[in-house]
Amino acid sequence: MSVIESRIENHLGRIIINRPDKLNALNNEVLEKLESSILDFNQDSSVGIIVLQGAGEKSFVAGADIAELSCLTAEQARVQSLRGQSVFNLIEQSSKPILASIQGFALGGGCELALACHIRIASESARFALPEVSLGLIPGYGGTQRLARLVGMGVALDMILAGEMITAADALRMGLVSRVYPATELNTQTNKLAETILSRGPKAVALALKSVRDGLHLPLAKGLEQEASLFGLIAESMEAREGTTAFLEKRKPKFHRS
Ligand code: COA
């Protein structure tokens with residue numbers, strides 16, 4: 004059985020991290036196969052959205068594989084950190100939205116993986132932490148950078164320096180996740196959100212994602228400039244013609260995936 008299962012369900016590319024006996028910890032094999040699944044789905048024009056989840060009910064991902072981290076030299080650890088970062092950058096840079104559907108533990112590298120996704124939706128059972136300092140380490144797959152950008156420096160430092168687990172309710176309150184549901188509803192609600200996004204203009208979704216993501220790393224004036232350019236690009240597309248005409252004709256738009 005592969006450590007990554009992937010399949011396409013009606014334009015939804017599903018990726019399941021499948022090491023439940025190790026709480027889906029990220030070893031190098033998982034990173035490699037995760038990378039190739041993301042690349043495959045990004046190249047496949049039939050895929051409009053990607054959902055990332057962990058196998059089993061207990062864990063999304065309980066971190067980088069501690070067994071692989073326990074005796075690295077400084078140079079090996081730096082290379083390992085760059086390797087994880089490069090896979091997570093690929094996720095963040097995906098032209099198709101990537102939705103993390105989180106139940107159980109999202110710890111260390113698992114929390115960092117969720118942070119690299121575009122939307123995080125969790126079950127009430129989800130637990131989040133960056134506990135690396137309790138192992139005598141620091142987060143190395145983007146956690147020290149992405150968490151502060153998402154929730155602000157004070158809250159990020161609280162999580163990173165104390166290394167404590169927080170509940171899904173706390174994660175929702177601080178903006179680490181955007182939706183929380185009872186565990187029994189998580190899959191249904193994740194699929195529902197994915198279908199809603201899939202029903203929108205596909206080019207508009209891709210350009211809106213690009214505008215928000217790229218804008219975060221730009222000064223406001225530059226971000227606004229880019230937004231105007233992308234707005235120009237989408238406004239003259241067939242997709243915008245269809246969306247606006249459908250509104251005026253009081254009917255549902257029919258968008259096409261190329
Ligand atoms: N890396 C490697 N293996 C891991 C792992 C990780 N990050 N997290 C869990 N596992 C393994 C355990 O070693 C155990 O394997 P075993 O059955 O062969 O002994 C298995 O997954 C089940 O975990 P276990 O600890 O027995 O489950 P639990 O319910 O008692 O505790 C956790 C769950 C999540 C609290 C605990 O596993 C934990 O603290 N994991 C590490 C979390 C962490 O520090 N992550 C950051 C890494 S940088």
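Each residue of the sequence shown is one higher than the one before, counting from 4 in the working numbering.
Every residue, glycine too, gets a C-beta built ideally from N, C-alpha and C.
Computed from a predicted model, the values in this text were never measured in an experiment.
Compare the C-alpha of residue i against each of the options and name the closest.
{"i": "asparagine 126", "options": "Ser89, Lys257, Glu188, Gln79", "result": "According to the sequence as given, residue 126 is serine; it is not asparagine. Of Ser89, Lys257, Glu188, Gln79, the residue nearest in Cα terms is Glu188."}
{"i": "leucine 118", "options": "Ala103, Leu85, Phe250, Gly66", "result": "Ala103"}
{"i": "glutamate 135", "options": "Arg123, Phe108, Gln148, Ala165", "result": "Ala165"}
{"i": "aspartate 24", "options": "Ser62, Ser49, Thr199", "result": "Ser62"}
{"i": "glycine 111", "options": "Ile169, Arg81, Leu233, Thr199", "result": "Ile169"}
{"i": "arginine 22", "options": "Val50, Glu78, Asp68", "result": "Asp68"}
{"i": "threonine 147", "options": "Gly57, Leu140, Ile163", "result": "Ile163"}
{"i": "asparagine 92", "options": "Met4, His121, Cys74, Glu230", "result": "His121"}
{"i": "proline 100", "options": "Leu55, Asn27, Asn13, Ala80", "result": "Leu55"}
{"i": "cysteine 74", "options": "Gly16, Gly113, Leu138, Ile94", "result": "Leu138"}
{"i": "glutamate 35", "options": "Ser240, Ser89, Arg254", "result": "Ser89"}
{"i": "methionine 4", "options": "Glu38, Ser48, Ala58", "result": "Ala58"}
{"i": "isoleucine 19", "options": "Leu251, Gly113, Gly235", "result": "Gly113"}
{"i": "aspartate 47", "options": "Ala249, Ser9, Ala77, Ala80", "result": "Ser9"}
{"i": "aspartate 161", "options": "Ala172, Met177, Ala171", "result": "Met177"}
{"i": "phenylalanine 234", "options": "Ala197, Leu210, Thr248, Lys253", "result": "Leu210"}
{"i": "glutamine 96", "options": "Pro142, Ala80, Glu38, Gln79", "result": "Glu38"}
Less than 8 Å between C-beta atoms, sequence neighbours within five positions excluded: which residues of the same chain meet that for residue i?
{"i": "alanine 186", "result": "Glu60, Gln106, Ser126, Glu127, Ser128"}
{"i": "glutamate 32", "result": "Val6"}
{"i": "leucine 140", "result": "Leu72"}
{"i": "leucine 50", "result": "The identity of residue 50 in the sequence shown is valine, whereas the question assumes leucine. Ile11, His14, Leu15, Gly16, Phe44, Lys99."}
Go through its chain and collect everything with a Cβ distance to residue i's Cβ below 6 Å, but skip five positions before and after it.
{"i": "leucine 116", "result": "Val64"}
{"i": "glycine 204", "result": "Glu242, Gly246, Phe258"}
{"i": "alanine 159", "result": "Leu150, Ala151"}
{"i": "isoleucine 124", "result": "Ser104, Arg182, Thr193"}
{"i": "alanine 174", "result": "Phe131, Val180"}
Would you list the residues sitting across from residue i in a DSSP beta bridge?
{"i": "isoleucine 101", "result": "Ile53"}
{"i": "glycine 16", "result": "Ile11, Ile53"}
{"i": "leucine 26", "result": "DSSP lists no partner for leucine 26."}
{"i": "leucine 110", "result": "Ala132"}
{"i": "threonine 170", "result": "Arg130"}
{"i": "valine 154", "result": "Its beta-bridge partners do not exist; DSSP assigns none."}
{"i": "isoleucine 183", "result": "Position check: residue 183 holds valine in this sequence, whereas isoleucine was assumed. Note: valine 183 sits in a beta bridge opposite Ala125."}
Using a Cβ-Cβ cutoff of less than 7 Å, which residues in the same chain neighbour residue i once the five nearest sequence positions on both sides are dropped?
{"i": "asparagine 30", "result": "Asp68, Glu71"}
{"i": "isoleucine 200", "result": "Ile52, Pro100, Val208"}
{"i": "glutamate 167", "result": "Ala132"}
{"i": "glycine 26", "result": "It is worth fixing the name first, because residue 26 is leucine in this sequence and not glycine. Closer than 7 Å at Cβ, skipping near neighbours: Lys61, Ser62, Ala65, Phe108."}
Ranges of the alpha helix (DSSP H) found wholly within the stretch 114-138, counting only runs of at least 4 | none
Any chance the stretch 152-165 sits against the stretch 182-201, with 3 or more Cβ pairs inside 8 Å?
-> no
Just checking, does the stretch 212-224 make contact with the stretch 189-196 on the three C-beta pairs under 8 Å criterion?
-> no
Touch test, the stretch 131-145 against the stretch 216-227, Cβ-Cβ under 8 Å, three pairs minimum | no
Completely contained alpha helix (DSSP H) runs for the stretch 191-230, where each covers 4 or more residues = 205-218
Please specify which runs of the alpha helix (DSSP H), each continuous and at least 4 residues long, are wholly inside the stretch 42-93, giving them in chain order.
-> 69-72
Looking at C-beta atoms only, is the number of pairs between the stretch 40-49 and the stretch 79-86 that lie closer than 8 Å three or more?
-> no
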